[in-house]
Every structure is written in structure tokens, then in C-alpha cells.
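Take a look at the structure below.
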Amino acid sequence: KAGVTQTPRYLIKTRGQQVTLSCSPISGHRSVSWYQQTPGQGLQFLFEYFSETQRNKGNFPGRFSGRQFSNSRSEMNVSTLELGDSALYLCASSVDYSGNTIYFGEGSWLTVV
Amino acid sequence: KNEVEQSPQNLTAQEGEFITINCSYSVGISALHWLQQHPGGGIVSLFMLSSGKKKHGRLIATINIQEKHSSLHITASHPRDSAVYICAVHRDKLIFGTGTRLQVFP
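Protein sequences, first through last, are from chains A and B.
So in my numbering, spot 58 of the first sequence is number 58, and the numbers just go up one at a time.
Quick note, my numbering runs 1000 ahead of the 1-based positions in the second sequence.
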């Protein structure tokens, strides 16, 4: 059974640009959540999607957005990149949103220069 | 005050030692997760607990819902256990502790 797949794994962007990250969940999983990890703030929740609907959103500015497609694949987008957006972005999938075992992808390392 | 507190922040052990990492939380939760993160970023879910105790190989996790406390134990630690261990509580979303960096030396 394939795990959670995130692409791209590494990317470098310039301030002001925008970036789109992709996540393919485990087959059969309908919940996809996104997290940002930085040395200073640790792991923080960005948003969660279930059956194409955003269920919950963390405390991040509107530059951070996401969506989920009918096949449960998800994308997140960050517009007008800032240096502080440099982080590891992790996607995770679960069968549903009730706190069941969660499976993480390897993450996308974003560097903003 | 953080909603999820872990201790210790850093832990060094000799191979074979018994290790305990603690997690306290201040909010009502539906589940608690113990996660392991190796250098390079990938996170692996070790346990999901809503009550009692679970064991997987040399790892044991316990939770006391009344006291809002959980512990992760590693018996007979090994250098390959070196990683960051993260406690996360599920309250409609995951709220993470700051992690415990464990180094096990041969």
C-alpha cells in the first residue's frame, strides 16, 4: 500500500513568488491535513480537508490556502512568499477526522530567498 | 502556557537504558498521538491512544485521561531509536508538543 506522497520534495523560491505543494493521500483516506514545521515555532496546523471541504483552519494569514480534489488529493498554495515561510511543509492523511491513526508524508522543504 | 508540554526537551542515553518521555496537556482531547521524526523530516506515527496502554515491540505508551498525562517508554534503547519524539493531542485538529530530542549512544 503506497504511503502519503508529497511533491516537490525540495524547492527554492524568491520573495514575492507563489508556490503550490501537492499531496496524494493513502488510498481510501478522505482526510488530508497540512502542517508547517520551523525551528522556531515547531509543528503548527495549517488546515484540514475532508471530502473536498475545509473542516478546520489554523492561525495563518490568508496567503496560505488549500484545496482537496474529488480523488482526495490535496494542494496547498502560499502566495506572496516571505522569508519566514521557509519551512518543512508536511501533509498527513487519515481515514477520517476523528483522531484516528495519521500517516505523514516525507514533507516539502521550502526555502524562500 | 503551551497546551501540550513535553519533558525532557533533550535526552541522552546509553544503549540498553530504559527511557521515559512525558507529555502533559491542558485541554480536552479525543486522542493522543506519539510521533517519531528522524533527521530528514519524515514523521512516523508510533501510537494513537484514547485510554490505557499500548505496546509495540520495545515501545510502550500510556495515557491517564483524568490527569491529562501520557508517557512514552522505550525499553532496552538502541542507537537507532535516536530521533525526535513528539506528543500531539487531537482536539478537532492536532496540537503538538515541542518534541524531545533523544540520542542513544553505543
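In this text, a Cβ means the ideal position worked out from N, Cα and C, and glycines have one as well.
DSSP, read as helix, strand or coil, puts residue 1080 of chain B in helix. CA-CA distance, residue 84 of chain A to residue 45 of chain A, rounds to 16 Å. When the beta-carbon positions are compared, residue 56 of chain A and residue 48 of chain A come within less than 7 Å of each other.
Nearest to residue 1030 of chain B by alpha-carbon distance, out of B:1077, B:1003, B:1090, B:1105, is B:1090. Under a 10 Å Cβ-count criterion, residue 1044 of chain B is classified as exposed, with fewer than 16 other Cβ atoms of the shown protein chains found around its own Cβ.
Residue range 108-112 is occupied by the beta strand (DSSP E) that includes residue 108 of chain A.
Under the criterion of beta carbons closer than 8 Å, residue 6 of chain A and residue 91 of chain A qualify as touching, at roughly 5 Å. Collapsing the DSSP output to three states places residue 81 of chain A in coil. For residue 1100 of chain B, the uninterrupted beta strand (DSSP E) run begins and ends at 1100-1105, by DSSP.
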